[in-house]
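*Asks:*
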Amino acid sequence: MKVTREDIIRIAASQNTPKDGKADAAKFDAALRAAFEEEKACHACPVQTVAATSGAPMIDTASFLAMDTSRIVDGADRLLGLLEEFQTKLANTAIPLGELSPLAEKIGNETNLLQSSLDVLPETDPLKDMLNRVLITCSVETEKFKRGDYL
């Protein structure tokens with residue numbers, strides 16, 4: 326059985342999804358910012374740094390991790406924006422699927438760049454779980470597009 330683009334649009338329209346995606350986006354944005362602030366507050370604790378015996382300057386690891394966390398949040402936000410653009414263009418039947426290929430490729434590239442950030446975050450960090458979910462969603466969508474699920 327071949328699944329057509331119209332079938333996908335019909336199924337997606339029949340699901341109980343809110344018509345106003347801005348409310349969901351606002352909720353997710355608030356959750357992402359709360360996770361970031363929680364991470365920032367966690368790293369605001371005094372950190373003892375160890376200087377090398379050669380007299381090297383001390384390194385503040387907490388500020389390094391906070392800077393890296395900020396980069397991760399920005400990358401996840403960028404990926405979510407690309408996914409939203411992909412969804413909008415995919416739902417528009419006037420746009421040929423061939424025009425979506427560069428966008429799907431860009432999502433795949435951004436996903437690969439952000440994948441290494443998972444190793445930086447501790448297992449108990451809520452940002453790690455959220456980032457993992459975003460990366461999985463992006464990977465699934467790009468693979469579905471490459472596989473031809475949207476034809």
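The opening position of the sequence shown corresponds to residue 326 in our numbering, with each subsequent residue numbered one higher. By construction, the Cβ of each residue, glycine as well, lies at the ideal position given by its N, Cα and C atoms.
Below 8 Å, how does it come out for the region 439-447 and the region 466-476: are there three or more Cβ pairs, yes or no?
*Replies:* no
*Asks:* Specify, as a first and last residue, the run of the alpha helix (DSSP H) that N434 falls within.
*Replies:* Under the DSSP assignment, N434 falls in the alpha helix (DSSP H) whose first and last residues are 426-440.
*Asks:* Can you find the residues in the same chain that come closer than 8 Å, C-beta to C-beta, to L428, ignoring five residues on each side of it along the sequence?
*Replies:* L407, E410, F411, K414
*Asks:* Out of A359, K352, A351, A350, point me to the one whose CA is closest to L452's CA.
*Replies:* A359
*Asks:* Do L405 and T436 have their C-beta atoms within less than 8 Å of each other?
*Replies:* no
*Asks:* From which residue to which residue does the alpha helix (DSSP H) around N457 run?
*Replies:* 451-472
*Asks:* Short of 8 Å in beta carbon distance, which residues of its chain neighbour L438, apart from the five on each side in sequence? Order them along the chain.
*Replies:* G400
*Asks:* Suppose contacts are defined by Cβ-Cβ distances below 8 Å. Is T394 in contact with F353 by that definition?
*Replies:* no
*Asks:* Using the three-state DSSP reduction, which class does T394 fall into: helix, strand or coil?
*Replies:* Here T394 carries a helix assignment [DSSP, helix/strand/coil].
*Asks:* Apart from the five residues just before and just after L363, which ones in its own chain have a Cβ nearer than 8 Å to its Cβ?
*Replies:* In the sequence as presented, Leu is not what sits at residue 363; that position holds Glu. If the five residues before and after E363 are omitted, its C-beta is found closer than 8 Å to the C-beta atoms of P451, all from its own chain and listed in chain order.
*Asks:* Label L476 either buried or exposed according to how many other C-beta atoms from any shown protein chain fall within 10 Å of its C-beta, with 16 as the threshold for buried.
*Replies:* exposed
*Asks:* Where does L404 fall in DSSP's three states?
*Replies:* Correct three-state label for L404: helix.
*Asks:* Taking only the alpha-carbon atoms, compute the straight-line gap between R396 and A419 and give it to the nearest angstrom.
*Replies:* 36 Å
*Asks:* Taking its Cβ as the centre, do 16 or more other Cβ atoms sit within 10 Å of S441, making it buried, or is it exposed?
*Replies:* The residue in question, S441, is exposed, as its Cβ has fewer than 16 Cβ neighbours within 10 Å.
*Asks:* Relative to the C-alpha of K431, which residue among K471, A356, A351 is closest?
*Replies:* K471
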